[in-house]
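Residue 4 is where the sequence shown starts when you use my numbering, and the numbers rise one by one after that.
Written out below as structure tokens is the structure these notes cover.
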Amino acid sequence: MTTDSTTESSTATPTEPVAVDGEAELDELVGDGVVLADFYADWCGPCQMIAPVVETLAAETDATVAKVDVDANQELAAAYGVRGVPTLVLFANGEQVEELVGLQDEARLRSLIEGYTE
């Protein structure tokens, strides 16, 4: 896979989910713009089912998609009150605006994102 250096600029939205390791990394991502954080676990069946959906949203929307492994980031998950996975948290301009728990369909997530990016 090749990486276009322009995706590294602060104005470009990554076209693939960004792995987040720790609160500082998530805070940096959600600073501005729209960010969909996918709190997941590798052992979680519904998390595996939603993974292609969040990858598509990363590629096709103006939102940054963050992937947070709850097993590796237990304190971060606790800080956001994550009790079940997958939990999807939508941020707009640094503020948490939505939280969805469980398997979600692409149309609903796309609609939520577009409501904050338009």
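Glycine included, C-beta positions come from ideal geometry on N, C-alpha and C.
Excluding sequence positions up to five away, which residues of its chain have a Cβ less than 8 Å from the Cβ of residue i?
i, result
"T6", "Summary for T6: the model assigns pLDDT 40, below 50, so the residue's position carries little reliability; its value from the coordinates is reported in the next sentence. For T6, where only same-chain residues beyond five positions count, there are no Cβ hits under 8 Å."
"A44", "C50, D72, V73, D74 and V88"
Report the CB separation of residue i from residue j in whole angstroms; it is logged as a contact under 8 Å.
i, j, result
"V68", "A61", "4 Å"
Should residue i be counted as a contact of the ligand ADP given a C-beta to heavy atom distance under 8 Å?
i, result
"T67", "Of ligands this structure carries none, so the ligand ADP is not represented either."
With H, G and I counted as helix, E and B as strand and the rest as coil, what does DSSP make of residue i?
i, result
"L115", "helix"
"L39", "strand"
"L79", "helix"
"A110", "helix"
Just to confirm my understanding: we take residue i, look at its own chain, exclude 5 residues before and 5 after, and list those with CB closer than 7 Å. What are they?
i, result
"A22", "K70"
Within a Cβ cutoff of 6 Å, which residues of the same chain sit near residue i, ignoring the five residues on either side of it in sequence?
i, result
"T90", "F42 and V104"
Quick check on this structure: which residue in the options has the alpha carbon closest to the alpha carbon of residue i?
i, options, result
"G118", "V33, T64, A40 and T16", "T64"
"A82", "E98, P20, E26 and T18", "E26"
"L106", "G34, I53 and A40", "I53"
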